[in-house]
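Below you'll find the structure, written out as structure tokens, and then a few comments.
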Amino acid sequence: MSGNGTLRNYHAAVWDEPVVMEMGHHGRRGMVFPDIDEAVTAAVGDSESLIPEEMRRHDRPALPEMSEPEVQRHYLHLSQETLGMMGVSLFGTCTMKYNSRINELIGARPEVAETHPLQHEDTLQGTLEIIHNFDLILRELSGMDQFVFQAGGGADAAYTHVCVTRAYHQARGQLAQRNEIVTSIQAHPCNAATAAAAGFKIVTLMLDDNGYPSLDALKAAVSDRTAALLINNPDDMGIYNPDIKEWVNIVHEAGGLCFYDHANFNGVMSKLRARELGFDACMYMLHKTFGTPKAGGGPAVGAYGCTEELAEFLPCPVVTFDGETYHLDEDRPNSIGRVREFWGNVPQIVKSYSWSRAMGAEGICEAADLSVLGNNYMEKRLLEIPGITKSQPHLNKWRMEMTRYSLEKLKEDTGVTTFDVANRMVDFGIDAYWLAHEPWLVPEPFTPEAGEMYSREDLDHWVDVLARISHEAYTDPEIVKTAPHNQAIAKIKAEPLEDPEKWAMTWRAYKRKYGAGKET
Amino acid sequence: MTANAPTAHPYMANSVPDIKQEMLDAIGVSSVEELFEQIPDDHRLKRGLSLPKQLRSEAELRRHLVDLLSKNATCEQNLSFLGAGCWQHHVPAVCDEMVGRAEFLTNVWGSPSSDHGRNQTWFEYCSQIGELVKMDMVGMPVYSYGCAAGHAIRMASRITGRHEVLVPALSDPERLSVIRNYCEPDEMESHIAVVPVGYDAATGLLDLDDLKAKISPTTAAVYFESPSYVGLIERQGEEIAAIARANGAETIVGVDPITLGVLKAPADYGADIVVGTTQPLGVHMNCGGGVGGFIASRDEEKYVHEYNTLNISIAETERPGQFGFGLSCAHQTSYGMREKGKDWTGNSTYLWAISGAVYMALMGPEGFREAGNLIVAQAHYAAKTLGAVKGARVVFPAGFFKEFVVNFDDAGTSVEEINASLRAGGIFGGKDLSSEFPELGQSALFCVTECHTREDIDRLADALQEVLS
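Quick mapping for you: the protein sequence lines, in order, are chains A and B. Mapped onto the working numbering, the consecutive letters of the first sequence carry residue numbers 244 to 763. Mapped onto the working numbering, the consecutive letters of the second sequence carry residue numbers 61 to 529.
Pasting the structure below:
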């Protein structure tokens, strides 16, 4: 268990796989199509004649020409050169969970995969029943009155909220006046960003000594220009704002709406509800808290729920139930319309419903317990490692499901940065940890989140790896600074990525800037 | 096992009483409850959750889900002609294999070294899109086609400092609604006015006279699609782009990439920014959950520095001769600059970049050409065959790709009634356009792809004949 203990050997797969654009051979085929039926040609003529001449493509797109097994092997190699969650990933703020295989098999069934959103609702009763029943589960978890699933991620749900906020104040003739959104520096950047994209001015509250903004700061920020408060609680340092009910009251008294960004729901699920805290709306990320895969960045779902008062503004369609049949309700004249086409990432909704059923009330409660227990269990061990301190060290209450740590001391002592440590972690098959959103409030931050899936042995292993790296930093810092050593590739050079002369987001750009086939 | 001895949950390794106790002992607390001390008592829910019964057995859970889903009817069991933003294209088995690989499925962020293979796949997705549209800059996917258009319009507005966009009146109401939300109501200071441009009643193409009348020095961008919402290949692309350019506006073109083996690359007729859908590239319809979008442009700082997407660039590593793939221009996003970032950035549809990369590599130039030719031919055959049915008329009879509009005004019945009759016979008819575009009367948008056979089309025509007679 000490930093000098024996750790498992690990090395990533190395395939030196070429870029697909360089692969293949002229004339090879990976996918072919049926010949055009003779009766079709007889009726309409040659297909090229059907395309207006000025719009016909005469050149061949410079795509690779490969056989099917070549393509398969290439991407299998690339999948093997991806650590994913093959080791232990405690990526803070993302709530790493088990993504059950049964859910993948269910989501791939034709009753999900081969359905079209414009089918008549009579032909989609199974899907609609699942969505409605999952809506009921989320209503019970939050106390809200209606959920919709159109938003393609947490940020998109925040965007949904600011669109609903616009519609709410517009309906009251106050939108021009109420042009400010209040949030905190510890809220996810997407809250401020989506509100700004929706045309609002942003008022950002800074933290005081308690680790959250003071009531006085809030009171000073709120006025008759306030459209809404967008806030998370707890934050991603594991600090819960005990004044949140009063916050909501203050904003409501000023005429603003209150949106609960439940990004950090895992530690409080079944423990409290948005409704009882006074919020008008909230958001859950199904790809985090509800067990659907992250897939490297979606497809995701930001499930957005609100009170009856706001429901008229929700994006369409809303899934409803009349006691016998499920419906797609489009007849909502005050709806904001669409934030994204159709009604959401349906396979992910089905998987989240499945996760909720597999967990049940008792499982969800236990998951919250285990995630908070796991975090505090890790915290005790992590703080024993040289060079590691935690944010707001003077706050001595138990943190929630995450704790923010700092490697400032390690950097001062050894010159090793949090980036270096993250790069070294992957040499042990441990996913690089989450640092912190910008701006960093804590120097050299890192943020693990234990979650409920990983075993105590996994959590211990993660801490053991960090202990080993700390020991290396104090005894042989070069090995950390030059990491990774056991990965598919070495550390990439950062400078060219920001240089317009050198960046290349496509093979076309690369060839133009570096010459065809030339090594970088 | 008695009811008093709880069984560990299969998803939670520490849901074993003695492990929990040891962990509590290790940190010196007597109960988990103590760990929630930060939450004031009056914030706590004082009762247990009331949820449906736990189904922790996989066998039981599977049975429950399969039973529910069996109430659906699918586009496999039935013959579907629905499109309109979500299309039934063939999904290669290797695409399904790769998006199901746990490494691609469960990762998050990672690092360029540890998740090298995923980053390379992402780069290969962007590179292949780049070849189809002939643009050097392609960002990582966004939520959808409409969202891509929305972001591109906002980019154009920032680039030009102007606050108006011209869009076709004959646009997909789904996409247009998304665009309107991205362009804000006019109470907002940064509002972008969305101005529809009419269409030629005979051809369905953009009315260039109306475009010229509406474009002005306040126009940030002209947005049009090819194929358009109703399936038409917009053959005036060059003229539209010239008109936009002459007025200092950006030209934003929306495309369906599956057309680009046979249709001219948008860069070749003057597009400044290209957007489009990613769903046809190896992604199942997923009841609309398969949609995704892309944004592409020339590789000029003026454009690149306005992207809200994450971008993946090839770069050298510290080891000579080795390359990797890292984030480029990430600081300009909301992750770097919060509300000062470009729009916003978050989880998107990146798994579909994996299937897209695999799809395009399998297709190659000949696959795209072959598929394009097959689809165009079958769609025209379908239009011709349906148009021959008494009571049916193809509204824009030439120059479309996979979708076309059929009008039933002469049949004396509604699309709703026709589709109900077709459905009874196992056919999902075209999307009803009658409430979206009243001027088109009782019309429906039919979609034909490489998944259909000539016999399928004949079956539809026969069924329609019966319904309309």
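Here a beta-carbon is modelled for each residue, glycine too, at the ideal position from N, C-alpha and C. As the structure is a computational prediction, the values presented were derived from the model and not from experiment.
At a cut-off of 7 Å, is residue i close to the ligand HEM when judged by its beta-carbon and the heavy atoms of the ligand?
i, result
"ALA752 (chain A)", "As far as ligands go, the structure on display features none, and thus does not contain the ligand HEM."
Is the beta carbon of residue j closer than 8 Å to that of residue i?
i, j, result
"LEU446 (chain B)", "ALA521 (chain B)", "yes"
"GLU510 (chain B)", "ILE435 (chain B)", "yes"
"GLU218 (chain A)", "THR660 (chain A)", "Outside the shown range of chain A, which is 244 to 763, sits residue 218 (chain A), and nothing can be said about it."
"ARG647 (chain A)", "GLU622 (chain A)", "no"
"THR337 (chain B)", "GLY353 (chain B)", "yes"
"VAL254 (chain B)", "ARG240 (chain B)", "yes"
"ASN509 (chain A)", "ALA601 (chain A)", "no"
"GLY291 (chain B)", "GLU584 (chain A)", "no"
"GLU184 (chain B)", "VAL263 (chain A)", "yes"
"TYR547 (chain A)", "THR181 (chain B)", "no"
"PRO77 (chain B)", "ARG116 (chain B)", "no"
"GLY397 (chain A)", "GLY406 (chain B)", "yes"
"ALA302 (chain B)", "GLY330 (chain B)", "yes"
"ALA410 (chain A)", "ILE579 (chain A)", "yes"
"ASN132 (chain B)", "GLN591 (chain A)", "no"
"LYS462 (chain B)", "GLY145 (chain B)", "no"
"GLU118 (chain B)", "ILE345 (chain A)", "yes"
"CYS501 (chain A)", "MET387 (chain A)", "no"
"HIS375 (chain A)", "PHE564 (chain A)", "yes"
With a threshold of 16 other CB atoms inside 10 Å of the CB of residue i, please say whether the residue is buried or exposed.
i, result
"LYS324 (chain B)", "buried"
"ALA710 (chain A)", "buried"
"GLY246 (chain A)", "Residue confidence for GLY246 (chain A) is low, a pLDDT of 41 falling below 50, so the modelled location carries little weight; the figure read from the coordinates is stated next. Answer is buried; the Cβ neighbour count reaches 16."
"SER322 (chain A)", "buried"
"ASP127 (chain B)", "exposed"
"HIS569 (chain B)", "Residue coverage of chain B in this structure runs from 61 to 529, which leaves residue 569 (chain B) outside it and unanswerable."
"ALA414 (chain A)", "exposed"
"ARG123 (chain B)", "exposed"
"ASP101 (chain B)", "exposed"
"HIS254 (chain A)", "exposed"
"MET668 (chain A)", "buried"
"THR763 (chain A)", "In this predicted model, THR763 (chain A) has a pLDDT of only 40, less than 50, meaning its place in the structure is not dependable; the value taken from the coordinates is given anyway. Burial call: buried."
"PRO307 (chain A)", "buried"
"GLY88 (chain B)", "exposed"
"ALA400 (chain A)", "buried"
"ALA419 (chain A)", "exposed"
"MET61 (chain B)", "Reliability fails at MET61 (chain B), whose pLDDT of 42 lies under 50, so the model's placement of it is uncertain and the value that follows must be treated cautiously. The residue is exposed, with fewer than 16 neighbouring Cβ atoms inside 10 Å."
"VAL355 (chain A)", "buried"
Whose C-alpha, out of the options, is nearest the C-alpha of residue i?
i, options, result
"GLU311 (chain A)", "B:ARG107, B:ALA153 and B:ALA144", "B:ALA153"
"VAL425 (chain A)", "A:LYS594, A:VAL465 and A:SER698", "A:VAL465"
"GLN382 (chain B)", "B:ASP85, B:ASN167, B:GLU191 and B:HIS176", "B:HIS176"
"THR437 (chain A)", "B:TYR410, B:ALA331, B:ARG379 and B:GLU244", "B:GLU244"
"GLU692 (chain A)", "A:THR532, A:MET309, A:ALA401 and A:PRO277", "A:THR532"
"VAL283 (chain A)", "B:ALA448, B:ALA302, B:SER529 and B:GLN438", "B:GLN438"
"SER110 (chain B)", "A:ASP670, A:ILE380, A:CYS337 and A:ASN252", "A:ILE380"
"LEU638 (chain A)", "A:ILE294, A:GLY580 and A:TYR455", "A:TYR455"
"LEU740 (chain A)", "B:TYR419, B:GLY386 and B:TRP182", "B:GLY386"
"VAL561 (chain A)", "A:ASN619, A:ILE445, A:ARG409 and A:PHE390", "A:PHE390"
"PHE772 (chain A)", "B:MET248, B:LEU505, B:ILE252 and B:VAL257", "Residue 772 (chain A) is absent from the structure shown; chain A starts at 244 and stops at 763."
"PHE96 (chain B)", "A:ALA554, A:ASP452 and A:LYS640", "A:LYS640"
"PRO727 (chain A)", "B:SER173, B:GLU93 and B:LYS113", "B:SER173"
"ALA665 (chain A)", "A:GLU265, A:HIS268 and A:LEU333", "A:LEU333"
"LEU493 (chain B)", "B:LEU230, B:ARG161, B:ILE189 and B:GLY432", "B:LEU230"
Throw me the rounded Cβ distance for the residue i and residue j pair, which I believe falls under 8 Å.
i, j, result
"ILE333 (chain B)", "TYR289 (chain B)", "With 8 Å as the limit, ILE333 (chain B) and TYR289 (chain B) do not qualify as a contact, their Cβ atoms being about 19 Å apart."
"HIS377 (chain A)", "SER595 (chain A)", "The sequence shown places Phe at residue 377 (chain A), rather than the His named in the question. Between SER595 (chain A) and PHE377 (chain A) the Cβ distance is about 6 Å, and since that is below 8 Å, they are a contact."
"THR325 (chain A)", "ASN167 (chain B)", "6 Å"
"LEU208 (chain B)", "VAL335 (chain B)", "The question names Leu, yet the displayed sequence has Ala at residue 208 (chain B). At roughly 4 Å, the Cβ-Cβ gap stays under 8 Å, so ALA208 (chain B) and VAL335 (chain B) are in contact."
(Q) List, from N- to C-terminal side, the beta strand (DSSP E) runs of 3 residues or more that fit wholly inside the region 199-243 of chain B. (A) You should have 224-228.
Q | Within the region 414-478 of chain A, ranges of the alpha helix (DSSP H) (whole runs, at least 4 residues) | A | For the region 414-478 of chain A, whole alpha helix (DSSP H) runs of length 4 or above, ordered along the chain, are 432-440 and 458-464.
**Q.** Length at least 4, wholly inside the region 281-366 of chain A: the alpha helix (DSSP H) runs in chain order
**A.** Within the region 281-366 of chain A, the complete alpha helix (DSSP H) runs of at least 4 residues are 281-287, 311-323, 344-350 and 353-356.
**Q.** Chain-ordered residues of the region 627-641 of chain A with a beta carbon less than 7 Å from chain D
**A.** You won't find chain D in this structure, because its protein chains are A and B.
Q: Let me know the beta strand (DSSP E) ranges lying completely inside the region 434-514 of chain B, each 3 residues or longer, listed in chain order.
A: For the region 434-514 of chain B, the continuous beta strand (DSSP E) assignments of 3+ residues that do not extend past its boundaries occur at 463-467 and 503-507, in sequence order.
Q | Contiguous alpha helix (DSSP H) assignments of at least 4 residues, all confined to the region 331-378 of chain B | A | For the region 331-378 of chain B, the full-length alpha helix (DSSP H) segments reaching 4 residues or more read 361-364 along the chain.
(Q) What ranges does the alpha helix (DSSP H) occupy inside the region 93-159 of chain B, keeping only unbroken runs of at least 4 residues that lie completely in it? (A) Within the region 93-159 of chain B, the complete alpha helix (DSSP H) runs of at least 4 residues are 118-129.
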